[in-house]
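Student: Please find one structure pasted underneath; my questions will follow.
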Amino acid sequence: MNVAIIILAAGKGTRMKSDLPKVLHLLNEKPLIQYVLDTACKVHPQKIVLVVGHGADLVKQAVGHDVSYVYQIEQLGTGHAVQQAEPVFQDYHGNILAKQALPLLILYGDMPLITAQTLRKMIEIQYHNPSPLTILTVKLASPRGFGRILRDETGAIKAIIEKVDCTSEQLLINELNAGVYCVQSNWLWQSLKQIKLNPKGEYYLTDLVAIAVAQGHSIASLTASNPIEIMGINTTEHLAEATQFLKSQL
């Protein structure tokens, strides 16, 4: 498809209690990152860019040479991670190459259960969306640490509110940000420069929503059909849960 994919895979995964890069932990004897890559390849992207950091050499050794690599040396958040990929889409003068001005799908290397069907739907929505941004959401009866999707009275998305910033009323919202985005690339590179450092010292990709809304854009969205798709593997318990799910699909 006429799309490029950026996969964020620079995290240390400290909650896994291991020195191994998080995306290399095994799920049914296969690295987490390989699930994401296999799914990404099913939509036939023109380019796949892997953002690596902790254990970069190990990740490159496991994945191989069929993707482009960029490095996030400092862990300064998801917005900063995506920004590291911009040079891959530029010429030597720093201009975005016309043939690289593709819709960009942004995925996480620790989200192994995301499906190609969901990715195709997101790309299709973005192609027919005058807005520069399509986001994946999920509805959960018992929300965990996800950002809440804030909509106005017409149903339009106005913001993503991180859990720590939510009011008691906003914490009751059960539509959550899954963290997967399909974005017009030219708009993305300009907008990433507008993201401000948050109190934690990070640049959050979620700020793209507020930037788009401030510019008068509507935000398109897709709700994941199965919440298990958007589960990030952050702990050994999550790994066990994903293992059980895959067994149930046999």
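Okay, so the sequence shown: first residue is 21 according to my numbering, each after it adds one. The C-beta atom is built at its ideal place from N, Cα and C for all residues, glycine as well.
1) Please report the Cβ distance between I250 and G99, rounded to the nearest whole angstrom; I am assuming they are in contact, meaning their Cβ atoms lie under 8 Å.
2) Quick check: the Cα distance between P150 and I126, rounded to an integer number of angstroms?
3) Please report how far the alpha carbon of D172 lies from the alpha carbon of I239, in whole angstroms.
4) For A76 and T174, I'd like the C-alpha separation in whole angstroms.
5) So, under 8 Å CB-CB, V72 and K80 are touching, yes? Tell me the CB distance rounded to an integer number of Å.
6) What's the C-alpha gap between S38 and K67?
7) If you draw a straight line from the alpha carbon of Q104 to that of Q92, how long is it in whole angstroms?
8) Three or more beta-carbon pairs under 8 Å between the region 21 to 28 and the region 231 to 238, yes or no?
9) Compare the beta carbon distance of V43 and I53 with 8 Å and say whether it is the shorter of the two.
10) Assuming V184 is part of the alpha helix (DSSP H), what are its boundary residues?
11) In three-state DSSP terms, what is S88?
12) Quick test of your reading: L170 and L228, contact by CB under 8 Å. State the CB separation rounded to the nearest angstrom.
13) Pick out whichever of H45, L78, I177, I193 has its Cα sitting closest to the Cα of L259.
14) Do I155 and N197 have their beta-carbon atoms positioned less than 8 Å apart in this structure?
15) Can the beta-carbon of G252 be found less than 8 Å from the beta-carbon of D86?
16) What did DSSP end up calling E195 once you bin it into helix, strand or coil?
17) Say the cut is 7 Å; is the CB of T226 nearer than that to a heavy atom of the ligand MN?
18) Which residues in the same chain have their Cβ closer than 6 Å to the Cβ of L40, if we skip the five residues on either side of it in sequence?
19) Tell me whether A60 sits in a helix, a strand or coil according to DSSP, three-state version.
20) When you compare the CB positions of E49 and W209, do they come within less than 8 Å of one another, or not?
21) Mind checking which residues open and close the alpha helix (DSSP H) that includes I68?
22) For the beta strand (DSSP E) that contains L212, what are its first and last residues?
23) Taking its Cβ as the centre, do 16 or more other Cβ atoms sit within 10 Å of Q264, making it buried, or is it exposed?
Tutor: Taking the structure as given:
1) Actually they are not in contact, since the Cβ atoms of I250 and G99 sit about 19 Å apart, beyond 8 Å.
2) 19 Å
3) 12 Å
4) 45 Å
5) 7 Å
6) 31 Å
7) 6 Å
8) no
9) yes
10) Premise fails: V184 is in no alpha helix (DSSP H) and is neither H nor E.
11) strand
12) L170 to L228, Cβ: 14 Å. No contact.
13) H45
14) yes
15) no
16) strand
17) As presented, the structure is devoid of all ligands, the ligand MN included, so that no description of it is given.
18) none
19) helix
20) no
21) Here I68 belongs to no alpha helix (DSSP H); instead the beta strand (DSSP E) covers 67 to 72.
22) That residue, L212, is in no beta strand (DSSP E); its alpha helix (DSSP H) goes 205 to 212.
23) exposed
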